[in-house]
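Residue numbers (our numbering): 12 to 190.
For reference, the structure discussed in these notes is given below.
So, in structure tokens, the structure goes:
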């Protein structure tokens, strides 16, 4: 089966030539650009669903650690739960960078929420590195990550770093915005 993308007149001419010179046991399949886009979006949706499910499973397991039956009545702090999750994630999700980035973002924001800024920043930096490697500098998730890091730096009182992160986020957002 030959697949021919029909996007321009030159390809149309090629399709016509292929149609006339095809052996009886061969077929030429015409794939319109919108069909290709639909297939790509379906694949992206499947990947997103798998990532969301993995993140949800991980977070459920994380918070099950505070179950009084498992802790034998000992109080477990939020910091202990987050630390445990961060350590486990490093080992369990090495081969799943998209899931890892999503969980790191969640843990970073949770650390920020409870005032553990150093931990929040460290995880935010890890997330940024992963996202830049997977998606490239121009991805919207990188912009969001930089904004989060700017917020963390601001809360830490590191205004120079906050400004740097936020200026970079704005610059990338402007560079990737549709005209």
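Even glycine gets a Cβ: it sits at the ideal position worked out from N, Cα and C.
Since we're looking at a predicted model, the values are computed, not measured.
Rounded Cβ spacing between residue i and residue j (contact assumed at less than 8 Å)
| i | j | result |
| --- | --- | --- |
| residue 100 | residue 111 | 6 Å |
| residue 166 | residue 123 | 7 Å |
| residue 180 | residue 161 | 6 Å |
| residue 113 | residue 62 | 6 Å |
Residue i versus residue j - alpha carbon distance
| i | j | result |
| --- | --- | --- |
| residue 146 | residue 104 | 18 Å |
| residue 185 | residue 151 | 11 Å |
| residue 158 | residue 131 | 13 Å |
| residue 136 | residue 93 | 16 Å |
| residue 34 | residue 50 | In this prediction, residue 34 scores a pLDDT of 49, lower than 50, which makes its location untrustworthy; the coordinate-derived value is nonetheless stated afterwards. Whole-angstrom Cα-Cα distance: 28 Å. |
| residue 74 | residue 85 | 15 Å |
| residue 176 | residue 139 | 11 Å |
| residue 126 | residue 141 | 24 Å |
| residue 172 | residue 148 | 19 Å |
| residue 52 | residue 65 | 20 Å |
| residue 87 | residue 46 | 52 Å |
| residue 144 | residue 57 | 21 Å |
| residue 91 | residue 60 | 29 Å |
| residue 83 | residue 128 | 30 Å |
| residue 174 | residue 187 | 20 Å |
| residue 156 | residue 98 | 21 Å |
| residue 106 | residue 170 | 35 Å |
Cβ-based burial, residue i [other Cβ within 10 Å; buried from 16]
| i | result |
| --- | --- |
| residue 67 | exposed |
| residue 96 | buried |
| residue 178 | exposed |
| residue 168 | exposed |
| residue 14 | Low per-residue confidence applies at residue 14: pLDDT is 46, beneath 50, and the placement is therefore not dependable enough to give any value. |
Minimum C-alpha distance to residue i - residue among the options
| i | options | result |
| --- | --- | --- |
| residue 116 | 163, 87, 88 | 163 |
| residue 182 | 170, 154, 102 | 154 |
| residue 11 | 106, 107, 48, 118 | Summary: the structure shown does not reach residue 11, with the chain confined to residues 12 through 190, and so no result is reported for it. |
| residue 69 | 54, 102, 170 | 102 |
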